[in-house]
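To convert, take the position in the sequence shown, counting from 1, and add 18; that gives my numbering. Glycine residues also receive a C-beta, built at the ideal position from the N, C-alpha and C atoms.
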Amino acid sequence: MEVLEPRAFDSWTHTRNGEPRGYIDADKLKELWIHTGTACNLACPFCLEGSHPGDGRIPGMKLSDVKPFIHEAIDMGVEQFSFTGGEPFVIRDFVNILDYASQHRPCFVLTNATEPLLKRRHQVLPLLDNPYEIHFRVSLDFPDQARHDKDRGEGSFDQALEGIHWLIEQGFKVSIARQTDPEEVPADVEAAFRKIFREWRIPENLAFTAFPDLGTPGSEDGSPEITETCMEKYPTKESRAHFMCTYTRMLVKKGDQVRVYACTLVDDDPQYDLGGTLAESMDERIMLRHHRCFACYRFGASCSEPG
C-alpha cells in the first residue's frame, strides 16, 4: 500500500478525497490517562512513543501537575486513573503520583516491570494499603526470550518475569501486553506464554491484551481513512463505545503546561490537543484522522484495562 503524507498536514474535517471524516462525540469521562513522560530505560525501535533513555519529547510529570486534574476528574465522575510512558517508574515523582491517585480511584499502570520497578519495590509495596486497587499491565512481547530481548535489550525478558512474579507475590493485580503476528493463532501464543509462567511460578490465568504494530511517532502506515460512511458500521452509542475517545482523555505535559489530549495514541499530533481542562475537552468533536484511529476502528484496539 502506498504510504501518503502524514495526516497531520491534511484537513481536520475531510479526507484526501474530500469526503467528510468519521468522528466521535464524547459520552462521559470514565478513565483519565496520565502520560508520565517519554523517558524510558529501554530503547525499543517499535515504540509508539519513540521512547528511550533521557528522551524529552514529552517531559516528566510531577504530582503538582496532576493534582488539579485528578480532582476535576473526580468531580466529573471518573472511574479510573491510568498511567503510561515511556516507563512510568523512571519518573522521579511517579510513585508519589500513583500513591495520591490510588487514594481516590482504582489505578492502572503500563510498565515494562524491569529495573526501574525492581529498584523501587520498597516504595511500591506500601501502596497495597491504599484504599483502591492498582493493576499493572506488563509488556512481554513474545513467548520467546531471544525475540523479546532482540528489541528490548538482553536480560529484559527475565527481568520482566521477575517483576511480574514479585508484583503477584505481593498481591497486586497483573495482566500482560503482548504483540501480535499477522498469521498467529492466539490460543497457541497464549499457551506458550503460560508454559513460561509455570516455569516462573506465575499464575497461568493472567489476562492478555494483544496489540498490532501502531507505528512510531509521526509515522504514517497508509491505512484507510475513516469517513462518515464508514461509521455507519457503528450506528449506535453502544456500538461506538469501544473507541477510547468516547470515554477517556489523556494528560500530556507540553513545556510547563499540562494539556488534555483525546486518547493515548495521538499525542504526536497537536490537533488532538483539546484544551487545558477536562471539562472543555469533553465538548470537542474528535475527528478520526490519525492513522492509529483505524486500529480502533478495525480491531477494537484499546489501551484500557481488559474487562
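Just the C-alpha distance for T33 and T247, rounded to the nearest angstrom, thanks. 12 Å
Nearest-angstrom Cα separation, counted from V203 out to F215: 19 Å
Compare the beta carbon distance of G40 and I244 with 7 Å and say whether it is the shorter of the two. yes
Give me whichever residues DSSP pairs with L269 in a beta bridge. I52 and V278
Taking contact to mean 3 or more Cβ pairs, one atom from each stretch, closer than 8 Å, check whether the segment 253 to 271 and the segment 41 to 59 are in contact. yes
Let's test the definition: count the other Cβ atoms within 10 Å of the Cβ of A259 and tell me whether it reaches 16, buried, or not, exposed. exposed
Comparing C-alpha positions only, which one of E298, L145 and H309 sits nearest to L66? H309
L306 and V278 look like a contact to me (Cβ under 8 Å); what is the Cβ gap, rounded to whole Å? No, L306 and V278 are not in contact; Cβ-Cβ is about 18 Å, not under 8 Å.
Would you call R196 buried or exposed, if buried means 16 or more other Cβ atoms sit within 10 Å of its Cβ? buried
Are the Cβ atoms of V96 and L50 separated by less than 7 Å? yes
Nearest by alpha-carbon distance to K168: which of A280, I42 and C62 is it? C62
Proximal residues to A228 (C-beta, below 6 Å), its chain only, five neighbours per side dropped: R196 and T198
When E217, S193, P230 and F226 are compared against E201, the one with the closest alpha-carbon: P230
Rounded straight-line distance, which links the Cα of R155 to that of F126: 7 Å
How far does the alpha helix (DSSP H) with R216 in it extend, from its first residue to its last? P204 to E217
Let's see if you can read the secondary structure: which residues bound the beta strand (DSSP E) around V127? C125 to T129
Based on Cα-Cα distance, which residue from E256, K255, P253 and G293 lies nearest to K272? G293
May I ask you to list the residues that DSSP assigns as paired with V156? T129 and I194
On the CB-based measure, 16 or more other CB atoms within 10 Å of its CB, does T254 come out buried or exposed? exposed
Could you check which residue in F312, E37, G104 and W30 has the C-alpha nearest to that of L232? F312
Between N223 and P124, what straight-line distance do the alpha-carbon atoms span, to the nearest angstrom? 21 Å
From this set, F226, A131, H89 and E133, which residue's C-alpha is nearest Y118's C-alpha? H89
In the DSSP output, which residue or residues are listed as bridge partners for P38? H32
From L269 to T102, what does the alpha carbon distance come to, in whole angstroms? 10 Å
Taking the alpha-carbon of R75 as reference, which of T56, L136 and K191 has the nearest alpha-carbon? T56
Spatial neighbours of G36 within its chain, please: C-beta separation below 7 Å, excluding the five flanking residues on both sides. none
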